[in-house]
Structures are given as structure tokens and as C-alpha cells.
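A.B. asks: In the numbering used here, the protein residues as written are 405 to 494. Note that CB positions come from ideal geometry on N, CA and C, so glycine has one too. Note that this is a predicted model, so its numbers are computed, not measured. Before anything else, here's the structure in question.
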């Protein structure tokens with residue numbers, strides 16, 4: 405499940421008795437070319453590790469000068485333990 409929060413179209417339904425939603429929000433960015441990707445979700449003992457990467461526009465890459473707010477949401481099987489987010493290099 406990925407997309408814009410607050411978009412005009414309804415999001416996919418999630419059975420929260422069986423699943424949960426993980427989300428990474430980068431906040432406001434001053435131009436296009438930014439993105440976020442959840443690259444891995446894995447168990448670590450009693451916890452869950454969510455690894456994610458940020459994509460930035462290249463120094464010589466042209467990008468639109470428009471405010472963006474990159475995000476990604478994913479539905480995964482429900483986990484009762486701690487959830488830890490780790491930023492990784494792409």
C-alpha cells in the first residue's frame with residue numbers, strides 16, 4: 405500500500421486484526437526528485453526492524469521547484485513487539 409495521505413481517492417482496506425501499517429514520511433521537501441522506499445521488514449528477536457532509504461535529486465539533475473512530501477506506507481502482518489526504523493544508504 406503506497407500513496408498520498410489525504411488523497412481524494414479512498415485507500416485500500418486493511419484488516420487491522422491481522423495486519424498493521426508501517427509508514428515513513430520525509431516531511432516537506434523544496435523540490436521534486438525526493439523519494440522514500442521501505443527496503444526491508446524483518447524480525448529481530450521479539451522486535452521488527454523496518455529499513456528504509458531516502459532518494460535525493462542528484463547535484464546536476466534538474467527537478468521541478470515544487471513542494472513535495474515523500475512517503476511510503478506498507479501493510480504487513482500484525483506484530484506485537486517493538487518496531488524499530490533504520491535509515492540505510494540507497
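Indicate the three-state DSSP secondary structure (helix, strand or coil) for residue 420 in the structure shown.
C.D. replies: Coil, per DSSP.
A.B. asks: Under 8 Å between the Cβ atoms of residue 492 and residue 455?
C.D. replies: Their beta carbons are under 8 Å apart, which means residue 492 touches residue 455 by this criterion.
A.B. asks: Suppose you measure from the CA of residue 489 to the CA of residue 462; what does that come to, to the nearest Å?
C.D. replies: Residue 489 and residue 462: Cα-Cα distance of roughly 25 Å.
A.B. asks: Here's a check: name, in chain order, each residue in its chain whose Cβ is nearer than 6 Å to the Cβ of residue 407, leaving out the five neighbours to either side.
C.D. replies: For residue 407, the predicted model reports a pLDDT of 49, less than 50, meaning its position is unreliable; a value from the coordinates is still stated below. So the list is empty, once near-sequence residues are dropped.
A.B. asks: Under the assumption that residue 457 contacts residue 443 (Cβ atoms under 8 Å), give the Cβ distance between them as a whole number of angstroms.
C.D. replies: Between residue 443 and residue 457 the Cβ distance is about 5 Å, and since that is below 8 Å, they are a contact.
A.B. asks: Among 419, 452, 484, 459, whose alpha-carbon lies nearest the alpha-carbon of residue 476?
C.D. replies: Of the candidates 419, 452, 484, 459, the one whose C-alpha sits nearest the C-alpha of residue 476 is 459.
A.B. asks: State the Cα-Cα distance for the pair residue 446 and residue 481, rounded to the nearest angstrom.
C.D. replies: If I take the Cα positions, the gap works out to 11 Å.
A.B. asks: Looking at chain B, is there any beta carbon in it that lies within less than 8 Å of the beta carbon of residue 443?
C.D. replies: Annotation note: the requested chain B is absent from the structure, which comprises a single protein chain.
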